[in-house]
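Report on the structure given below.
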Amino acid sequence: MNTSKILGALCLGLIASTGACNENSSPTQPTTATSGTLRATYSGDLSGSVDAEGAFDPQTIQTFGVAFHDPQRAMYEIVGLEVANDFSGEEIVLLTESASAGTYSLSSDCGASASDLCAQAFLVTIDDVRLQNPAIRQLRFDSGTVTLQAGAAQRVTGTFGGTALETNTAGDTLATVAVSDGSYDVPIVEAQITPTTSLSPVNGAVLRWPRD
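In terms of our numbering, the sequence shown opens at residue 144 and continues consecutively.
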């Protein structure tokens with residue numbers, strides 16, 4: 144397997160919110176990081192948990208928790224990916240519009256008002272993180288909160304929770320889940336995040352780091 148490495152679905156949250164996260168619009172390839180954790184449980188039409196504890200390594204498909212920080216855009220993309228033995232995955236992505244400490248409202252229309260201090264969040268299940276186009280289910284938070292605060296050196300910590308919805312292209316709700324007991328303590332990795340203005344849903348695309 145080519146170890147330029149897929150790290151399937153690392154950027155699914157960005158794809159979901161922007162419709163673009165591919166080899167031409169991906170973050171600058173980040174370096175490895177120390178171990179991080181991101182945990183949450185969810186219940187409702189889907190139930191389960193995300194227990195992501197490990198070190199991010201762009202050359203290895205593995206469980207990890209990390210916060211990508213874009214200094215130019217002053218935002219965080221906080222990612223927790225749990226990879227099972229069969230390479231199925233569960234992922235939570237938190238996108239804050241600011242790198243400042245505080246409490247952010249989770250909203251599916253975050254950014255509609257310039258005065259809102261808000262964030263976006265996604266729960267994604269992936270059938271095989273090794274695949275370029277895996278089968279996924281994506282649920283987007285339409286309510287809740289996420290807190291952001293500085294942790295130890297070069298780390299951020301916080302909590303999150305709320306209600307996430309799976310919808311179809313017509314806007315019909317297919318599944319509703321309550322996400323609770325969300326927490327993270329993750330290292331910061333500098334990376335350029337380059338979203339577009341499109342708000343297209345995920346279509347099974349995943350981020351690939353540039354090939355060797």
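We treat Cβ as the ideally placed atom computed from N, Cα and C, and that holds for glycine.
Just so we're clear, the structure is a prediction, and the values are computed from it rather than from any experiment.
#### Entry: alanine 295, DSSP secondary structure in three states
coil
#### Entry: With 16 other Cβ atoms within 10 Å as the buried cut-off, status of glutamate 234
buried
### Message
Whole angstroms are fine: how far does the CA of glycine 223 sit from the CA of threonine 203?
### Response
Rounded to whole angstroms, threonine 203 to glycine 223 spans 15 Å at the Cα level.
### Query
In terms of residues, what are the limits of the beta strand (DSSP E) holding alanine 318?
316-333
### Message
By the three-class DSSP mapping on this structure, what secondary structure does arginine 273 have?
### Response
coil
### Task
Determine, using beta carbons only, whether glutamate 333 and proline 214 come nearer to each other than 8 Å.
Taking 8 Å as the Cβ cut-off, glutamate 333 and proline 214 qualify as a contacting pair.
### Task
Identify whether threonine 288 lies in helix, strand or coil by the three-state DSSP scheme.
Note: threonine 288 maps to strand in three-state DSSP.
### Message
Here's the rule: buried if 16 or more other CB atoms are within 10 angstroms of the residue's CB, otherwise exposed. What is serine 243?
### Response
Classification of serine 243: exposed, given that the 10 Å Cβ count is below 16.
### Query
Residue ranges of each beta strand (DSSP E) run of no fewer than 3 residues wholly in the stretch 180-253, ordered along the chain?
List check, beta strand (DSSP E) in window: 191-198, 207-213, 218-226, 232-239 and 245-249.
### Query
By Cβ distance below 6 Å, which residues in the same chain neighbour serine 326 in space, the five residues on each side in sequence not counted?
Arg182 and Thr302
### Task
Just the C-alpha distance for threonine 356 and glutamate 309, rounded to the nearest angstrom, thanks.
It is not possible to answer for residue 356, since the shown part of the chain is limited to 144 through 355.
### Query
Straight-line CA distance for alanine 293 to alanine 198?
19 Å
### Query
For glycine 232, which option in Thr316, Leu274 and Cys261 has the closest C-alpha, if you only look at C-alpha atoms?
Leu274
### Message
Here's a check: name, in chain order, each residue in its chain whose Cβ is nearer than 6 Å to the Cβ of aspartate 271, leaving out the five neighbours to either side.
### Response
Phe230 and Pro277
### Query
On the three-state DSSP scale, how would you describe alanine 264?
strand
### Query
Expressed to the nearest angstrom, what Euclidean distance is found between the alpha-carbon atoms of glycine 179 and threonine 300?
Roughly 10 Å separates the two Cα atoms.
### Query
Which of helix, strand or coil does DSSP assign to alanine 176?
coil
### Query
Contact check, threonine 184 vs aspartate 324 under 8 Å by CB: the rounded distance?
5 Å
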